[in-house]
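Below you'll find the structure, written out as structure tokens, and then a few comments.
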Amino acid sequence: METIGSACTSASIDPSHVLMALGMTETEAFSCIRFSLGRFNTDAEIPQVVEEVKKVVGQLRAMSGK
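This note's numbering applies: residue 1 is where the sequence shown begins, and numbers increase by one.
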């Protein structure tokens, strides 16, 4: 599961105050993706998700010309 915004205010359009406190710009904070893991997720799933995210980011960059 992935979401935008903070966990308790996902309907908010403000950037995460935690990411801002870490020194990120608003653009960087809005560009972050947070993934939540549950008790049924396995360690083996994490590299799979990383590879899928890399693939999708590559596709989006190709579509945007970057």
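The beta carbon of each residue, even a glycine, is placed where N, CA and C say it ideally should be.
- A direct Cα-Cα distance of roughly 17 Å separates T42 from R34.
- Around L60, the same chain offers no residue with a beta carbon nearer than 8 Å, after the five sequence neighbours per side are excluded.
- Taking all protein chains in view, the Cβ of S16 is crowded by 16 or more other Cβ atoms within 10 Å, so the residue is classified as buried.
- With respect to the C-alpha of L37, the residue from I46, F30 and A29 having the closest C-alpha is I46.
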